[in-house]
Amino acid sequence: MAETPPERDVREDSLVVHTHVTAWGFLFALPFALVLAYLGAWALDAGVAHDPDASRLDNPLWVFSVPLLGFALFLFVIGVGELARYLKPAVEVVIDADGVTTYGIMGARHILWGELVETRIDGQHVALRARRNGAPKTLRLHFNRLAIQPAELIRSIEAHRPDLPPIVVTE
Numbered sequence: 021m022a023e024t025p026p027e028r029d030v031r032e033d034s035l036v037v038h039t040h041v042t043a044w045g046f047l048f049a050l051p052f053a054l055v056l057a058y059l060g061a062w063a064l065d066a067g068v069a070h071d072p073d074a075s076r077l078d079n080p081l082w083v084f085s086v087p088l089l090g091f092a093l094f095l096f097v098i099g100v101g102e103l104a105r106y107l108k109p110a111v112e113v114v115i116d117a118d119g120v121t122t123y124g125i126m127g128a129r130h131i132l133w134g135e136l137v138e139t140r141i142d143g144q145h146v147a148l149r150a151r152r153n154g155a156p157k158t159l160r161l162h163f164n165r166l167a168i169q170p171a172e173l174i175r176s177i178e179a180h181r182p183d184l185p186p187i188v189v190t191e
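First residue of the sequence shown? That's 21 in the working numbering, and the numbers climb one at a time after it.
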């Protein structure tokens, strides 16, 4: 009879959740930026290279080509940024023995396990409500931004706070 492996305690390991990034951002932006740059360069060059007496001001296509080249540069920068995010996704949430820490635009936000008073699960996110020095604090974890299944995230939170069952909100 085969032995079952011992169950590992979820509370001993920290759960590190990365940002969920799809490839559509750079797969769309980079080729489209190259096409727009080509069209902008063609429109800028049309008529001027073949007529040595024509000046840039006589060619009305430069009014069209300069914004096209500018938008192509903008899309190229966006595409390179999306490619960087795809190749190295950022850490979004860390659940460890100390509590829950999220990282975002406004910096790191941390909730200790002792401060947690409510876990509310909506269809789109988990809201963790905490009290620190009497002031309420809410931390939202959106499922569509995380590269993890929602059940695993909730299971990790329940392992650290089994006395606090999550409230499931259905609409």
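Ideal Cβ placement from N, Cα and C applies to all residues, glycine included.
If you're wondering where the values come from, they're calculated on a predicted model, not measured in any experiment.
Buried or exposed by the 16-neighbour rule on C-beta atoms within 10 Å, applied to residue i
i      : result
Val41  : buried
Gly127 : exposed
Ala171 : exposed
Gly60  : buried
Ala155 : exposed
Ser176 : buried
Thr190 : exposed
Ala104 : exposed
Gly124 : exposed
Val83  : exposed
Gly99  : buried
Pro63  : For the sequence presented, residue 63 should be read as Ala rather than Pro. Label assigned to Ala63: buried.
Ser34  : exposed
Sub-8 Å separation of residue i and residue j beta-carbons
i      : j      : result
Ile131 : Lys157 : yes
Phe163 : His145 : yes
Val36  : Val137 : no
Ile115 : Ile141 : no
Val120 : Leu88  : no
Phe91  : Leu56  : yes
Leu161 : Val113 : yes
Thr122 : Arg129 : yes
Glu135 : Ala117 : no
Thr39  : Arg152 : no
Bridge partners - residue i, DSSP secondary structure assignment
i      : result
Leu159 : Leu148
Tyr123 : Ala128
Val36  : Val114
Val188 : Ile141
Leu166 : Thr39
Leu173 : Looking at the DSSP assignment, Leu173 forms no beta bridge with any residue, so it has no partner.
beta-carbon residue i near the ligand NAD non-hydrogen atom, thresh 7 Å
i     : result
Ala49 : The model on display carries no ligand, and the ligand NAD is accordingly not part of it.
First through last residue of the alpha helix (DSSP H) which encompasses residue i
i      : result
Arg105 : Leu81 to Leu107
Asp65  : Trp44 to Asp65
Tell me whether the region 95-105 and the region 42-59 touch, counting them as touching only if at least three CB pairs, one residue from each stretch, are closer than 8 Å. yes
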